[in-house]
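Trainee:
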Amino acid sequence: MSTIEELAKSKEELQSLNEELSTVKSQLEEKVRELEYLNNDLSNLLSSIDIATICLDSEFRIKCFTPATKQLFNLNDTDIGRPISDISGVLTDAELLPDAKMVLDKRIPIEKEFETANDYWYSRRILPCRTEDNRIDGVVFTFIDITERKRLELENLRARLFAEAVVATIREPLLVLDKNLQVVKANKSFYDFFKTDRADTEGVAVYDLEDGQWDIPSLRRLLEDIIPSNECFDDYELELDFAVIGRRRLVLNARKVIADPDMPPLLLLAIEDVTRRESAEYVMRRERDRAQQYLDVAGVMIVALAADATVSLINQRGCEVLGYEESKIVGKNWFDNFLPPDQGDYVKPVFARILSGEIKQDKYVENPVLNRSGEKRLIAWHNTVLLGEKGNIVGTLSSGEDITERKQAEQELRAAKEYAEKANEAKTRFLAAASHDLRQPLAALQMFNSFLARKINDSQLLEVIGDQKKALSSITELLDTYLNLSKLEAGAITPEISEFPANDLLLRIRDEFMPQAQDKGLSLRVVPCTLVTRSDWALLDRILQNLVSNALKYTDCGKVLIGCRRQADTLRFEVWDTGQGIANTELDAIFEEFTQLDNPAREKNKGLGLGLSIASQLARLLNHRLEVRSASGRGSVFAVEVPRVKTVSPHPSMVEKMEPSAVTDLNGLGVFLLEDNPDSRDAMKLFLESLGARVIVATTGVEAMTLLDTFDRQIDLLIADYRLPGPNGIEVIEQIQNASGRRIPAILVTGDTSAQAVLELESSGHQVLYKPVDSEELTQAVTLAVSS
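With numbering that gives the first Met the number 0 as the guide, the letters of the sequence shown map in order to residues 0 to 787.
1. Is it buried or exposed, residue 632, if we count other Cβ atoms within 10 angstroms and call 16 or more buried?
2. Quick one: using the 10 Å Cβ neighbour count with 16 as the cut-off for buried, is residue 778 buried or exposed?
3. For residue 721, which of helix, strand or coil comes out of DSSP?
4. What is the rounded straight-line gap between the Cα of residue 548 and the Cα of residue 528?
5. Going by CA-CA distance only, name the one from 703, 714, 712 and 299 that's closest to residue 727.
6. I'd like the ranges of any beta strand (DSSP E) spanning at least 3 consecutive residues and lying wholly in the stretch 176-258.
7. Would you mind working out which of 366, 343 and 371 sits nearest residue 319, comparing C-alpha positions?
8. For the stretch 758-773 against the stretch 720-739, are there 3 or more C-beta pairs whose distance is under 8 Å?
9. Within the same chain, show all residues whose beta-carbon is closer than 6 Å to that of residue 400, passing over the 5 residues directly before and after it, in chain order.
10. Quick one: residues in its chain with C-beta nearer than 8 Å to the C-beta of residue 810, no 5 flanking neighbours on either side, listed in chain order?
11. Got a sec, what are the start and stop residues for the beta strand (DSSP E) residue 309 sits in?
12. Just to confirm the assignment, what range does the alpha helix (DSSP H) spanning residue 512 have?
13. Which residues mark the beginning and the end of the beta strand (DSSP E) in which residue 572 is found?
14. Give me, in chain order, the residues of the same chain whose beta-carbon lies closer than 7 Å to that of residue 649; leave out the 5 immediate sequence neighbours on both sides.
15. Look at the Cβ atom of residue 870, then the Cβ atom of residue 356, and state whether they are nearer than 8 Å.
16. How many whole angstroms separate the CB atoms of residue 504 and residue 641, which I take to be in contact at a CB cut-off of 8 Å?
17. How big is the Cα-Cα spacing for residue 375 and residue 367?
18. Could you check the C-alpha separation between residue 73 and residue 126 for me, to the nearest Å?
19. Mapping DSSP to helix, strand and coil, what is residue 300?
20. Of the choices 273, 735, 751 and 750, whose alpha-carbon is the least far from that of residue 744?
21. For residue 91, count neighbouring Cβ atoms within 10 angstroms of its own Cβ and tell me buried if that reaches 16, exposed if not.
22. Out of curiosity, what's the CA-to-CA distance linking residue 614 and residue 673?
23. What distance in whole Å lies between the Cβ atoms of residue 722 and residue 749, which are believed to be in contact at a cut-off of 8 Å?
24. From the DSSP output, in three-state form, read off residue 363 for me.
25. Please work out which residues of its chain come closer than 6 Å, Cβ to Cβ, to residue 213, disregarding the five sequence neighbours upstream and downstream, and give them in chain order.
26. Could you name the residues of the same chain whose beta carbon sits closer than 7 Å to that of residue 254, not counting the 5 residues immediately before and after it, in chain order?
27. Compare the Cα-Cα distances from residue 275 to each of 571, 239, 742 and 248 and report the closest residue.
28. Please list the terminal residues of the continuous beta strand (DSSP E) segment that includes residue 110.
29. Buried or exposed: which applies to residue 769, given that a residue is buried once 16 or more other Cβ atoms fall within 10 Å of its Cβ?
30. Checking the sheet assignment: what are the DSSP bridge partners for residue 532?
31. Could you have a look at residue 775 and say whether DSSP puts it in helix, strand or coil?
32. Using C-beta distances below 7 Å, list every residue in its chain close to residue 680, excluding the 5 sequence neighbours before and after it, in chain order.
33. Kindly confirm or deny that the stretch 113-129 and the stretch 140-158 touch, where touching means at least three C-beta pairs closer than 8 Å.
34. Taking the alpha-carbon positions, what's the residue 595 to residue 551 distance?
35. Quick check on residue 789: buried or exposed, where buried means 16 or more other Cβ atoms within 10 Å of its Cβ?
36. Name the residue from 570, 507, 520 and 563 whose alpha carbon lies nearest to the alpha carbon of residue 533.
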């Protein structure tokens with residue numbers, strides 16, 4: 000019985016347990032259905048949310064992710080359970096795992112912004128993943144696309160910076176106020192004008208600025224109404240006393256400004272200082288008067304013309320030149336009233352080109368104006384343009400100098416210069432002609448004198464002949480001085496530069512001038528020099544000759560000292576004398592031609608006044624500096640500065656010349672003499688025949704060519720005067736040589752020392768002898784010609 004009861008009881012308990020299991024099963028099935036619903040809802044929710052989200056477990060393995068995550072990572076459903084470090088994508092975030100570990104360890108979220116390789120911006124947030132029992136079981140990543148927000152922020156930043164730059168560059172003081180009328184920002188002009196700084200301005204209510212100076216009821220009402228009513232106000236004037244800048248009259252303008260739709264509106268307050276506006280007309284009038292005064296004191300005409308050529312401004316000098324009052328000029332057409340009738344056709348087109356901009360500013364022109372009395376005044380104009388408010392040309396402004404008298408003076412000076420040049424040319428022609436005409440009889444006299452010296456044995460007569468020779472030499476020296484000038488003028492002197500000891504030149508000068516010094520009772524001392532110089536021996540010798548000769552002429556007692564002084568790379572040849580000296584006012588004049596000091600009677604023993612002029616011209620030719628130091632009554636120092644060298648190349652004057660000695664016997668030499676002057680021809684023929692030469696004579700080129708047919712093979716030497724009737728001597732020599740077919744040696748003889756003749760003679764290639772020619776000079780030339 001008990002067993003049956005126990006079985007029955009167990010059955011009841013099993014039935015009861017079965018019912019409970021059925022109930023639990025039903026509940027579990029319900030929970031499963033709820034979980035399925037929740038899972039579906041969660042999946043739909045995650046799919047619908049465009050936010051990249053990844054859930055990781057505590058080992059940072061992927062638990063789940065939203066579809067949007069695939070834009071950042073290369074994920075698919077098979078990646079569930081893989082470590083996040085194995086997943087690649089466009090995201091390159093080296094701090095991703097370190098930040099995840101920090102969130103897992105410290106249980107605090109981390110949020111950062113970053114830019115992807117494809118220029119997208121994301122906000123990355125990492126949160127701890129909590130279970131229902133509040134355990135941390137991993138982390139959750141969310142990536143929110145903030146690219147558009149970043150773009151808007153950048154645009155807002157650019158707009159704000161642009162607005163701030165505009166505000167900062169505005170010259171008027173500006174204030175930016177918030178809705179409470181507190182200063183948000185002020186521009187630089189505000190701080191500069193009110194002499195204040197940012198600390199005393201920003202964040203301060205406008206009514207509290209400058210110790211409450213701006214707290215004016217009417218201004219307060221205007222400002223407080225702007226933002227709520229969206230109104231503005233213009234040209235609100237007020238006067239305020241400021242501690243630093245004093246009393247000012249200001250004009251205010253205010254506007255509502257919406258800088259950002261998400262931010263409260265702002266108020267822009269512009270402040271203009273018009274303190275001086277009331278006196279502007281007075282100031283302008285005063286400045287115009289002052290400008291007119293400046294124009295009036297100018298020494299030139301100032302004329303402003305409008306585009307229609309009417310006078311809009313003229314200064315006092317302009318009125319004086321034209322002879323009218325200002326009121327009679329301003330408003331009048333310049334071309335019709337103040338230009339000569341014949342000038343309009345030229346000036347009007349120029350004016351039009353200036354207005355068109357074709358002619359640039361500061362165009363210089365000279366043209367006359369017509370004054371009130373009808374007189375033409377020549378004006379030198381400088382023109383520029385007047386610009387309007389838009390930068391367009393609206394007229395011209397010209398400054399003009401009256402150059403009438405100056406031009407007349409220039410014309411007179413030019414005429415005087417031309418007259419002087421013509422007079423100088425006439426003088427040169429006269430001297431050349433006189434020199435030529437004088438040289439002809441002197442040449443004959445020289446030859447006759449030489450002939451007599453060879454034929455006479457009487458000592459008394461020979462002494463007379465010697466005196467004649469000295470007299471002829473003095474005249475020849477004067478003529479040769481003029482010849483040197485002609486050569487310089489013709490450019491017929493070409494320097495032959497060489498190196499030579501300075502002492503050789505000093506000794507030669509000493510030997511030449513010692514007798515002259517002794518005759519005057521003067522001491523002539525030469526200081527030896529061991530240095531070497533570089534120059535043209537003959538030309539430098541001529542310079543020193545003239546300097547020493549000048550010193551001896553103008554020194555009556557005392558001494559003349561010659562020496563050299565070394566200076567860096569140069570050597571100075573100096574000539575000191577104890578003569579009468581030269582006044583400072585005459586130092587430049589002494590180098591001019593025919594200039595002599597203290598010789599009004601033109602004493603012949605003091606020369607012609609050409610020596611220093613020749614020395615100066617030769618120094619310029621050699622590029623040597625010639626200078627003089629002197630004081631009246633205290634003597635003079637003349638110096639010529641030449642290059643100094645360390646080595647020497649022998650100069651022909653310092654070594655034995657390899658030239659044949661002058662012959663005294665021309666026995667059998669056939670000389671063809673071409674000379675049209677009877678005296679010169681007879682004298683030279685007589686002298687040459689006295690030496691044994693056979694002389695054939697012709698007076699013209701035509702006659703010479705006729706005689707050539709007969710005497711061609713008998714001619715050994717040609718001697719031709721330069722100025723022959725018809726072809727000159729150079730041309731006749733060329734004709735004879737061409738006709739003969741051989742290069743017959745030739746010598747040119749002339750008394751023509753004009754610059755043109757000297758240039759042609761010196762470039763002919765033949766020896767040139769200038770009349771009067773002495774016997775030694777002629778025989779030396781003949782010897783050289785025959786030997787060559």
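Glycine included, every Cβ here is placed at the ideal spot set by N, Cα and C.
Mentor: In terms of the structure at hand:
1. In the sequence shown, counting from the first residue as 1, residue 632 sits at position 633. Burial call: exposed.
2. The residue you call residue 778 lines up with position 779 of the sequence shown. Result: buried.
3. The residue labelled residue 721 in the question sits at position 722 within the sequence shown. In the three-state reduction of the DSSP assignment, residue 721 falls in the coil class, being assigned neither a helical nor a strand state.
4. As a working mapping, residue 548 is identified with position 549 in the sequence shown. As a working mapping, residue 528 is identified with position 529 in the sequence shown. The alpha-carbon separation between residue 548 and residue 528 amounts to approximately 21 Å.
5. For this step, residue 727 is matched to residue 728 along the sequence shown. Closest by alpha carbon: 703.
6. Listed in chain order, they are 182-185, 232-241 and 245-256.
7. Numbered from 1 along the sequence shown, position 320 holds the residue referred to as residue 319. It is 371 whose Cα lies nearest to the Cα of residue 319.
8. Judged by pairs of C-beta atoms under 8 Å, the stretch 758-773 touches the stretch 720-739, as three or more such pairs exist.
9. Here residue 400 corresponds to residue number 401 of the sequence shown, with the count starting at 1. When the five nearest sequence neighbours on each side are left out, the beta carbons in the same chain lying within less than 6 Å of the beta carbon of residue 400 are those of 299 and 379, in order along the chain.
10. Here the chain has residues from 0 to 787 only, and residue 810 is not among them.
11. One-based indexing of the sequence shown puts residue 309 at position 310. First-last for residue 309: undefined, no H or E at that position.
12. By 1-based counting over the sequence shown, the position of residue 512 is 513. 501-518 is the extent of the alpha helix (DSSP H) around residue 512.
13. Residue mapping note: residue 572 aligns to position 573 of the sequence shown, counting from 1. In the DSSP assignment, residue 572 falls within the unbroken beta strand (DSSP E) covering 569-576.
14. In the sequence shown, counting from the first residue as 1, residue 649 sits at position 650. Model confidence at residue 649 stands at a pLDDT of 45, short of 50, so the residue's coordinates are unreliable and nothing is read from them.
15. Summary: the structure shown does not reach residue 870, with the chain confined to residues 0 through 787, and so no result is reported for it.
16. Here residue 504 refers to the residue found at position 505 of the sequence shown. Here residue 641 refers to the residue found at position 642 of the sequence shown. Between residue 504 and residue 641 a beta carbon distance of about 10 Å is seen, past the 8 Å cut, so the two are scored as non-contacting.
17. Translated into the one-based positions of the sequence shown, residue 375 becomes position 376. Translated into the one-based positions of the sequence shown, residue 367 becomes position 368. In this structure, the CA atom of residue 375 is about 6 Å from the CA atom of residue 367.
18. Within the sequence shown, residue 73 is the residue found at index 74, counting from 1. Within the sequence shown, residue 126 is the residue found at index 127, counting from 1. Computed Cα separation, rounded: 22 Å.
19. The residue labelled residue 300 in the question sits at position 301 within the sequence shown. If DSSP states are grouped into helix, strand and coil, residue 300 belongs with the strands.
20. Taking the first residue of the sequence shown as 1, we reach residue 744 at position 745. If we check each option's Cα against that of residue 744, 735 comes out closest.
21. For the purposes of this step, residue 91 is taken as residue 92 along the sequence shown, with counting starting at 1. Residue 91 counts as exposed, since fewer than 16 other beta carbons sit within 10 angstroms of its beta carbon.
22. Residue numbering aside, residue 614 sits at position 615 when the sequence shown is read from its first letter. Residue numbering aside, residue 673 sits at position 674 when the sequence shown is read from its first letter. Each residue's alpha carbon lies about 36 Å from the other.
23. To locate residue 749, count along the sequence shown from 1; it is residue 750. To locate residue 722, count along the sequence shown from 1; it is residue 723. Rounded, the Cβ-Cβ distance is 7 Å, consistent with contact.
24. The sequence position of residue 363 within the sequence shown is 364, counting from 1. In the structure shown, residue 363 falls within a strand segment according to DSSP collapsed to helix, strand and coil.
25. Within the sequence shown, residue 213 is the residue found at index 214, counting from 1. Counting only Cβ-Cβ distances below 6 Å, and skipping sequence neighbours, we find 205 and 206.
26. The residue you call residue 254 lines up with position 255 of the sequence shown. If you ignore the 5 residues before and after residue 254, its C-beta comes within less than 7 Å of the C-beta of 231 and 267, all in its own chain and listed in chain order.
27. Residue mapping note: residue 275 aligns to position 276 of the sequence shown, counting from 1. Taking only the C-alpha atoms, the option nearest residue 275 is 248.
28. By 1-based counting over the sequence shown, the position of residue 110 is 111. For residue 110, the uninterrupted beta strand (DSSP E) segment begins and ends at 109-114.
29. For the purposes of this step, residue 769 is identified with residue 770 of the sequence shown, where counting begins at 1. Buried is the call here.
30. Start at 1 with the first residue of the sequence shown, and residue 532 comes out as number 533. DSSP links residue 532 through a beta bridge to 499 and 643.
31. On the sequence shown, position 776 is the one that residue 775 refers to. In this structure, residue 775 counts as helix in the three-state DSSP scheme.
32. Taking the first residue of the sequence shown as 1, we reach residue 680 at position 681. A distance below 7 Å between beta-carbons, with the five flanking residues on each side excluded, links residue 680 to the following residues of its chain, in chain order: 672, 674 and 696.
33. They touch, by the three-pair rule.
34. Taking the first residue of the sequence shown as position 1, residue 595 is located at position 596. Taking the first residue of the sequence shown as position 1, residue 551 is located at position 552. Low per-residue confidence applies at residue 595: pLDDT is 49, beneath 50, and the placement is therefore not dependable, though the value from the model is reported in the following sentence. For residue 595 and residue 551, the gap between their C-alpha atoms comes out near 14 Å.
35. Residue 789 lies beyond the stretch modelled for the chain, which goes from 0 to 787, so this question has no answer here.
36. On the sequence shown, residue 533 is found 534 positions in, with the first residue counted as 1. From the listed residues 570, 507, 520 and 563, the smallest Cα separation to residue 533 is found for 570.
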